[in-house]
Structures are given as structure tokens and as C-alpha cells.
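First up is the structure itself, then whatever we jot down about it.
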Amino acid sequence: MKEKLAAAIRAAAEQGIADGVFPEAELAAVELEVPPKKEMGDFATNFAMKSAKAFHKSPRQIAEELIARIARDGIDRAEIAGPGFINFYLTKDVIYDGLRKAIEAGEAYGNLPNKNLPKVQVEYVSANPTGPLHVGHGRGAAVGSALVNLLRAAGYDVEAEYYINDAGNQIDHLAESVNARYLQLCGQDVEVPEDGYRGQDIVETARRIREKDGDKYLSMPEAERLAIFKERALSEKLAALKEDLAAFNVQYDVWFSERTLHPDKVNAAVEKLRANGNIYEKDGALWLRSTDYGDDKDRVVIRAGGEPTYLAADIAYHKDKFERGFGRVINLWGADHHGYICRVKAAIKAMGGDPEKLTVMLLQMVSLLRGGEAVKMSKRTGESVTLAELIEEVGTDAARYFFVMRSPDSQLDFDIDLAKSQSSENPVYYVQYAHARIASVFRQAAETGLKESDAFALLTDESEFDLIKKIEEYPREVEKAAADLAPQRIARAAHEMASAFHSFYSRCRIMGVEPELAGARLALAGKTAQVIRHALHILGVSAPEKM
RNA sequence: GCACCCGUAGCUCAGCUGGAUAGAGCAUCGGUCUUCUAAACCGAGGGUCGCGCGUUCGAAUCGCGCCGGGCGCACCA
Numbered sequence: 090m091k092e093k094l095a096a097a098i099r100a101a102a103e104q105g106i107a108d109g110v111f112p113e114a115e116l117a118a119v120e121l122e123v124p125p126k127k128e129m130g131d132f133a134t135n136f137a138m139k140s141a142k143a144f145h146k147s148p149r150q151i152a153e154e155l156i157a158r159i160a161r162d163g164i165d166r167a168e169i170a171g172p173g174f175i176n177f178y179l180t181k182d183v184i185y186d187g188l189r190k191a192i193e194a195g196e197a198y199g200n201l202p203n204k205n206l207p208k209v210q211v212e213y214v215s216a217n218p219t220g221p222l223h224v225g226h227g228r229g230a231a232v233g234s235a236l237v238n239l240l241r242a243a244g245y246d247v248e249a250e251y252y253i254n255d256a257g258n259q260i261d262h263l264a265e266s267v268n269a270r271y272l273q274l275c276g277q278d279v280e281v282p283e284d285g286y287r288g289q290d291i292v293e294t295a296r297r298i299r300e301k302d303g304d305k306y307l308s309m310p311e312a313e314r315l316a317i318f319k320e321r322a323l324s325e326k327l328a329a330l331k332e333d334l335a336a337f338n339v340q341y342d343v344w345f346s347e348r349t350l351h352p353d354k355v356n357a358a359v360e361k362l363r364a365n366g367n368i369y370e371k372d373g374a375l376w377l378r379s380t381d382y383g384d385d386k387d388r389v390v391i392r393a394g395g396e397p398t399y400l401a402a403d404i405a406y407h408k409d410k411f412e413r414g415f416g417r418v419i420n421l422w423g424a425d426h427h428g429y430i431c432r433v434k435a436a437i438k439a440m441g442g443d444p445e446k447l448t449v450m451l452l453q454m455v456s457l458l459r460g461g462e463a464v465k466m467s468k469r470t471g472e473s474v475t476l477a478e479l480i481e482e483v484g485t486d487a488a489r490y491f492f493v494m495r496s497p498d499s500q501l502d503f504d505i506d507l508a509k510s511q512s513s514e515n516p517v518y519y520v521q522y523a524h525a526r527i528a529s530v531f532r533q534a535a536e537t538g539l540k541e542s543d544a545f546a547l548l549t550d551e552s553e554f555d556l557i558k559k560i561e562e563y564p565r566e567v568e569k570a571a572a573d574l575a576p577q578r579i580a581r582a583a584h585e586m587a588s589a590f591h592s593f594y595s596r597c598r599i600m601g602v603e604p605e606l607a608g609a610r611l612a613l614a615g616k617t618a619q620v621i622r623h624a625l626h627i628l629g630v631s632a633p634e635k636m
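Here our numbering is used: the first residue of the first sequence is 90, the next is one more, and so on.
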């Protein structure tokens, strides 16, 4: 209907030109929006205001001429409002017809047609496998997986990827830390190294190694022992990571190991940059001339000792991503990495790639609140609350909803007490409750033999119209949210859907009214439940049948 | 000093590719359960959109400059 209306407005403008009331001019794009208040109709356009310059007339005059020429098909009335908006009021038939089509689409309603674009890659979390995931990673996991679900619903072909930093210094530190704990367990007086990891999970790993194999590694040369511990620790940490993510309803298509970049792909990337004249040697190291591509300083890619930097691996990684044919690559990073964007884009440009194909989404920091107070990080280990502990305490549904409902650009105060509370304060329950209420109605309808009907013309209450319109808006909301990479909009849409339903539910009885009306209301409720389910699925939150 | 994010109701935040009287939830106050889940609904109050200047017919939204908070500025990741 929206497209039809836009076409009708264009046609009216062209007719106006043909009639000589408007001068020959390029037509502005027709934008239609749902007005801020429902008294303002079903759709509104600012087209008359946009055209004021081109048509040399006041917006209200233009609007008047347009209204006189617009096809009335499906439009009950059109009015000029405010500075020159045209408000359109659709006929009831059009609104009922929209509901009918939504119902016919079934569970797929909310999924948009395939965009037939090259694949999009979303890389998120990618935390180092050196310890458990924390709440900050939780935000990345929730937003990233919701974004993947959202883009898929909007018709994009998406691949979700986790980059495993299983090479380099931090993994050596992991091995050294496990080694120190192992030696401690064997009765030796050693300290965890300065750069080591002090978490309890490292002690556990060491303990498991000793339980299985005893003291046998003591007699081994240290380098050999470290190599063994490195692999043991890595596989344990990675398994734990995957477990945490799975428990959080997060799935990946590809687990990409950094090791597979070393040394060939890293060397190839450096060679390519060298061939382009973007590498020079200074102080024994190889430098990328990134300042030529917008960075504020040049960056070392190969250290004086011959070891590649993290950036070198990352350059090779992004080169590999684009070679895999993605039309667009989206990285979710913590906001503390924002300074890194510029150099990665510079490197892509230096290799002759298109940095516009890379979008880095930054997620601002998360702080936990309990009893109104910030939860402090542990001084000893430098660690905050783990994601597993958070899930344990508030549940996956509440945690995911809270992480996704805010804009990623805003810092998030995660109120643990609120997430746990089973009351109206808690937006997760509010949405889920609407779904459970509908499921309950359907259970009773089944008992009494009430069936859904399509006598939609009997739906005349204001709250019924509001609900139908929300349902009809939903696919556009999916489109917008995907275009803006903004899964938080889906949380909002779900909440608004629930609100419209609760309002309807308290005004209109379903059971016990005359059967045709009851059936139509049941169908409306059923469709509402489907849309809520669809939105909650994108958010990775369950849609319970009972609460 | 440079880069990025934020500053909107008492609190937490939407709205930001410019548009109508700036919205929601919570909190506060007042109503609503003999009938489908009251984890709900209805109503009320509550705002110099951080400050200033500019662009525009029109600015919370765009530009510039300040102020405040956060986060970074490695041959760490």
C-alpha cells in the first residue's frame, strides 16, 4: 500500500505538470512515514514541502493541487496539515486487507524477500581464548547475533564468524600462566609471570593437567612443556568459550583460526603492500606507510625481531575476508578499540581494496549495577563478572534483551536487579507476557472449539485498529532496522507490539463474544503472537507459551 | 594535544540521512480484577533536547566553537 500511495503521489505531481499548474521540474523523492499521532492519519508525506522550491509555490498550495489530482483508490481522505504535510487516511478495507495478507504469509511474515546481494560477513566477539567471556563480550555476543538474525530476516545472505586469536604473545602468556600454576601444584615456589593470566580458570586447567598426567611434565625441557600446555589450555579455553556462547543462544558459521594466516598469508599481505610501495624499513622493523591513507602515524607490521605484529595478521585477515568474496564485512569491536579502525582501513586502502566495504560497529562499555551500585572489577585478577555468571543470575532471555535494547553507541548500565525482577519494570517480561497470554487464549479456544475467522470487518475498536497497524508496519521496521544495523529497533518494535496487544486485550474480549467476532479477534491475536515471536527470535529471546 | 562515543522528563533511554504540539519505560499521584494470565490496563503531573554561534521557510537532528562524562592514542591484543 505504501508503494502504491507513493506512486499515486508521483502520478498526481506529473498530472499537475501536465495541467500546467506546476512547472516542468525534476520530482523530489516521495517519502512516506507513519505520522507521530494517529489523528494524523495512516501515512503522511512531506512531498509538498520538498517540492516548494522546484514548483515555485507554497507547500500548502502544492498539497492542495496534489490532493485534487490523486487517485482515490484505497484512500478514504487526504488532508493538508501543519506546514504542508499531506495526511492520508486509508479506507478500512485496505487495513483489513493488510491484515489478511499478513496472516496468509504465516510464520514467514516479517521475513523480507531475498536481496540477491553478495554475502555479508558479520564478525563478532572474537575474544582471546585466554579466559572466560565477560559481560562486555556478552554485549557483543547479543548484539552481533541479533544483527545476524536481523540481516537474514531482511533478506541478506549472512555468514557469522569468530576470529580466534590463537597465535602470538597472549597465547604464550596463557601457556606460561598454566605452567606457573602447574609448577605451583607440584610444590614449586614460582610466580605467575607479570603478563600472565591470574584467573581461577587457569588454576583449574593446571589442576586438570596434573590430575590426568601427574608430575610427568616436570622432567621435560621447559620449551617442550610450554608447547604442550599451550595446546591443552587453548583447546580447553576454546571449548569453554563455545559452551558459553551456545548457552547464550549464539551460533557461528565459521571459526577462523589466526594460525592459518601464519606465515604464508601474512607474508603475502606484506609482500603485496611492499609491491605497492607502502612498506619501508626503519630501526630494523618493517613499517606500513599508513599516514598516506589517513592514519595519524605509520605502523610497524614486522618487528625488529622478525615477528609480525597483530596488525600484520589483521591485515592478512581482512585481505582473506575480501578474497572470500564478501560484498560487505561488518566487524563488531569494543569501543576501546576505536583507534584501530583508521589503521585497518588505511591498510585495506594501501592494498588497493575498498575500505567502504568494511563497517566497524563499536559497542560502548557495559557496567553492571547491583543495588544501584556499580559492580567493581576484581583487583587481584582484573576481571569483572563473567558472562556465565550473569546468565546464571538473570537468565539468557533477560541478559540478551538488556544488551540489545540500547543503542550500541550508548554506554550500557546493566541493572542486574531489574533484569531479575519479575514485574512490570522488566521489559523482557512485558513482551514475553503478551506472547504467553495469547498462547493461553489459544489453549482455551481449542477447548471450546473456537476457530479463527476472517470476518475482519467486525474489528472496529480503536485498539483493534492500532494493533492491526502495528502488525502491518512490522516488515518496514525490519527493513529499517537492517539498513541502520540497529537491532535495538526490533526490541522497540516488539515492545510496542506487546503494548498494543495488552491494550487490545483489556478492552476487547475474545472468548464469549459472538463467534464471528471472536474468531476474527482470535486470528488477530494469533498474528500478534507470530510477530512477537519473529521479533524475539531476532533478538535471540525465547517466546514462552506459559509464564 | 589528537581520535571515537555520549549529554533529551526525577532515573534509564528512544527519536538524529532536518519537518507537525519532542516520545517510551520506570519512579510519583489517582483509578480498574465475580468473565480469556493484574508479570496487565486507563488517566494525571513532569522538558531552557549541555551551552553559544551559524546554515535553513523550518534544527533535538546538519556545521563550527565551547563545557561535562566515558574510552583510546605500542615493535600489546
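The beta carbon of each residue, even a glycine, is placed where N, CA and C say it ideally should be. Predicted, not measured: the structure shown is a model, and the values here were computed from it.
Residue state for residue 558 is assigned as helix, using DSSP reduced to three classes. Annotation: residue 485 to residue 630 spans about 7 Å, alpha carbon to alpha carbon. In this structure, residue 180 sits near residue 164, with a CB-CB distance shorter than 8 Å.
The C-alpha of residue 214 is placed about 22 Å away from the C-alpha of residue 284.
Pairing residue 98 with residue 136 gives a Cβ-Cβ distance under 8 Å. Under the criterion of beta carbons closer than 8 Å, residue 439 and residue 382 qualify as touching, at roughly 5 Å. In this structure, DSSP gives residue 390 an extended state, which the three-state scheme calls strand. Look at residue 325 here: in three-state DSSP terms it is helix. The beta carbon of residue 586 lies closer than 6 Å to those of 559, 620, 621 in the same chain, with the five residues before and after it left out. Across the structure, residue 154 and residue 105 are spaced so that their CA atoms are roughly 7 Å apart. In the three-state DSSP reduction, residue 134 falls in the strand class (E or B). Listed in chain order, the beta strand (DSSP E) runs fully inside the segment 413-459 are 417-423, 447-452, 455-459, counting runs of at least 3 residues. Between the alpha carbons of residue 266 and residue 588 lies a distance of about 52 Å. Contact annotation: residue 600 and residue 549 have beta-carbon atoms that are not nearer than 8 Å. In terms of Cα proximity to residue 535, the closest of 202, 615, 570 is 615. Comparing alpha carbon positions, the residue from 128, 127, 110, 133 closest to residue 121 is 133.
If you draw a straight line from the Cα of residue 437 to the Cα of residue 402, it is about 13 Å long.
Counting along the chain, residue 255 sits inside no alpha helix (DSSP H), nor does DSSP assign it H or E at all. Annotation for residue 188: the continuous alpha helix (DSSP H) segment containing it runs 181-193.
DSSP places residue 176 within a strand segment (E or B) once states are collapsed to three.
Each residue's CA atom was taken as its position, placing residue 594 and residue 543 some 19 Å apart. Rounded to whole angstroms, residue 575 and residue 200 show a C-alpha spacing of 16 Å.
Of all alpha-carbon atoms in 419, 552, 421, 624, the one lying nearest the alpha-carbon of residue 592 is that of 552. With respect to residue 490, residue 334 sits apart: the two C-beta atoms are not nearer than 8 Å. Here residue 570 is buried. Its C-beta has 16 or more other C-beta atoms within 10 Å.
When the Cα atoms are used, residue 222 and residue 332 turn out to be separated by approximately 10 Å. For residue 610, the enclosing alpha helix (DSSP H) covers residues 604-628. A residue is called buried once 16 or more other Cβ atoms fall within 10 Å of its Cβ, and residue 161, having fewer, is exposed. Counting other Cβ atoms within 10 Å of its Cβ, residue 343 stays below 16 and is therefore classed as exposed. By alpha-carbon distance to residue 473, the top candidate from 442, 349, 464 is 464. Residue 399 holds the alpha-carbon nearest to the alpha-carbon of residue 256 among 432, 371, 399, 610. Under the rule that a run must span 4 or more residues, the alpha helix (DSSP H) segments found entirely inside the segment 212-291 read 224-242, 258-274.
Counting the other CB atoms within 10 Å of its CB gives residue 107 a total below 16, which places it among the exposed residues. Per the C-alpha coordinates, the member of 355, 507, 617 positioned closest to residue 583 is 617. Bridge partners of residue 497 according to DSSP: none are assigned. Annotation for residue 353: the continuous alpha helix (DSSP H) segment containing it runs 353-364.
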